[in-house]
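S.K.: Using the working numbering, the letters of the first sequence correspond one by one to residues 2 to 221. Every residue gets a Cβ at the ideal spot worked out from N, C-alpha and C, and that includes glycine. First, the structure itself, so that you have it in front of you.
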Amino acid sequence: MKPQGRQLRAVYQHLHRHYGEQHWWPAQSGFEVMVGAVLTQNTAWTHVEKAIINLKAVNSLDAESIVLAQHRHLAAWLRPSGYFNVKAQRLRSLCRFVLDSGGVEALSAMPTPSLRADLLAVKGVGPETADDILLYAFERPVFVIDAYTRRLFSRLGMVSGEEGYEELRLWFESSLGADVALYNEYHALIVVQAKDVCKKRPLCESCVLQKRCAYYSDGK
DNA sequence: ACCCAGGGTCATA
DNA sequence: TATGACCATGGG
2 MKPQGRQLRA VYQHLHRHYG EQHWWPAQSG FEVMVGAVLT QNTAWTHVEK AIINLKAVNS
62 LDAESIVLAQ HRHLAAWLRP SGYFNVKAQR LRSLCRFVLD SGGVEALSAM PTPSLRADLL
122 AVKGVGPETA DDILLYAFER PVFVIDAYTR RLFSRLGMVS GEEGYEELRL WFESSLGADV
182 ALYNEYHALI VVQAKDVCKK RPLCESCVLQ KRCAYYSDGK
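Written out as C-alpha cells, the structure reads:
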C-alpha cells in the first residue's frame, strides 16, 4: 500500500467508528441505483425518494416504461426531485442506453474501463454519476469523488483541492488499492459526515478526526 | 427570506 | 481551459 494509504485508512476508521455502517446504496436493484444516481444530482436524497416512489406507484421503474412514457408524465413523476425537465431527459437517455446495450445484465459483463466510457457518453451522466453507478450498481472498485470528498481531504491537508476529478479519483484508488467494500462505505461516510455540522468554529483537522466540532462548511 | 442539496450541460472568451 | 448561466423542488 502507498504512503497515503495508511492515512486514508485512519480517516476511514475514524469515520466508521463514529458514524457506523451505512449500507449504501439505498435501492432494491442495480437499475434503481442508476435512476437514483441521476435524480440525486445536486439534490437532497429525501427528494429523490419521493420521485422513486412515484415511479414505483405507476409501475414505471424500468427502462422500457421510462423510455415510452410521455415527457409530461415522466416530468410530473420526477417533480419532487427538482430539475424535472432536465432529469426526465437524462433518465430517458440513460434508459435508452441500457436497452440498446441489452439490459443491466449485459452491462454487468463489461469490463470496467469500457463500461465507464460508455456511461460517460450518455447525456446527463457526468463523472460522479457514472462512478456512483459503477460502484453501487455494478460493484466495481471505483472511488467516487464529490464536492464533500474534495473539501474534507483538502481541509485535512492531504490534497490541494484544486485537482481535477480524474486526478483525485486515481489518487484515492492508487493509495487505497482496489477495494469495492471499502470504497462503498467510505463514500457513504464522507457524505454522512458532511451533513453532520455544528456552528461553533471553523474546521480544523481535529474537528474531523476527533469530532470536537463538526463545522465543515466553508466559513463564508 | 436566504441557502443549498449525494451535478451536468451548454454558451462564451 | 475556465468561468457563468441555467435547471427547480423543498427542507432548514
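#1: Which term fits Gly104, buried or exposed, when burial requires 16 or more other beta carbons within 10 angstroms of its beta carbon?
#2: Hey, Trp78 and Leu56 are a contact pair by Cβ (cut 8 Å); roughly how many whole angstroms apart?
#3: Thinking just about the alpha-carbon of each residue, which of Val36, Ala11, Gly165 and Tyr20 is nearest to the one in Val126?
#4: Thinking C-beta only, is Gly83 closer than 8 Å to Thr130?
#5: Measure the alpha-carbon distance for Glu167 versus Thr41 and round it to whole angstroms.
#6: Please go through the same chain and pick out, in chain order, the residues whose beta-carbon is closer than 6 Å to the beta-carbon of Lys200, but skip the five residues on each side of it.
#7: Cα separation between Pro142 and Pro81?
#8: Is the segment 56 to 68 close to the segment 113 to 121, with three or more CB pairs under 8 Å?
#9: Could you check the C-alpha separation between Trp46 and Ala110 for me, to the nearest Å?
#10: Touch check for the segment 159 to 174 and the segment 188 to 198: three-plus C-beta pairs under 8 Å?
#11: With a Cβ-Cβ cutoff of 8 Å, do Glu186 and His17 count as a contact?
#12: Identify, in the order they occur along the chain, each residue of the same chain with its Cβ nearer than 7 Å to the Cβ of Arg73, setting aside the five sequence neighbours on each side.
#13: Do the CB positions of Ile146 and Leu169 come within less than 8 Å of each other?
#14: Assuming Val39 and Leu92 form a contact by the criterion Cβ under 8 Å, report the distance between their Cβ atoms to the nearest whole angstrom.
#15: Exposed or buried, what is Pro4 when buried is set at 16 or more other beta-carbons lying within 10 Å of its beta-carbon?
#16: In the segment 56 to 103, which residue ranges form an unbroken alpha helix (DSSP H) of at least 4 residues, counting only runs that do not cross its ends?
M.R.: So, from the listed chains and residues:
#1: Counted from its first residue, the first sequence places residue 104 at position 103. With fewer than 16 other Cβ atoms within 10 Å, it is exposed.
#2: In the first sequence, residue 78 corresponds to position 77, counting from 1. In the first sequence, residue 56 corresponds to position 55, counting from 1. Contact flag correct, Cβ pair sits at about 6 Å.
#3: The residue you call residue 126 lines up with position 125 of the first sequence. Ranking the options by Cα distance to Val126, first place goes to Val36.
#4: As a first step, residue 130 must be located in the first sequence, where it is residue number 129. As a first step, residue 83 must be located in the first sequence, where it is residue number 82. Contact: no.
#5: Counting from 1 along the first sequence, the entry for residue 167 is found at position 166. Counting from 1 along the first sequence, the entry for residue 41 is found at position 40. Computed Cα separation, rounded: 21 Å.
#6: The count along the first sequence starts at 1 and reaches residue 200 at position 199. A caution first: Lys200 carries a pLDDT of 43, below 50, which makes its placement in the model unreliable, though a value can still be read off. Around Lys200: no qualifying Cβ.
#7: Here residue 142 refers to the residue found at position 141 of the first sequence. Here residue 81 refers to the residue found at position 80 of the first sequence. Approximately 32 Å between the Cα atoms of the pair.
#8: no
#9: As a working note, residue 46 is residue 45 in the first sequence. As a working note, residue 110 is residue 109 in the first sequence. The alpha-carbon atoms of Trp46 and Ala110 are separated by roughly 29 Å.
#10: no
#11: Numbered from 1 along the first sequence, position 185 holds the residue referred to as residue 186. Numbered from 1 along the first sequence, position 16 holds the residue referred to as residue 17. The answer is yes: Cβ separation under 8 Å.
#12: The sequence position of residue 73 within the first sequence is 72, counting from 1. Cβ within range, chain order: n/a, list empty.
#13: The residue given as residue 146 occupies position 145 in the first sequence. The residue given as residue 169 occupies position 168 in the first sequence. It is a contact, given that the beta carbons lie within the stated cut-off.
#14: Walking along the first sequence from the start, residue 39 turns up at place 38. Walking along the first sequence from the start, residue 92 turns up at place 91. At roughly 6 Å, the Cβ-Cβ gap stays under 8 Å, so Val39 and Leu92 are in contact.
#15: As a working mapping, residue 4 is identified with position 3 in the first sequence. It is exposed - the Cβ of Pro4 has fewer than 16 other Cβ atoms within 10 Å.
#16: 64 to 69, 72 to 79 and 85 to 101
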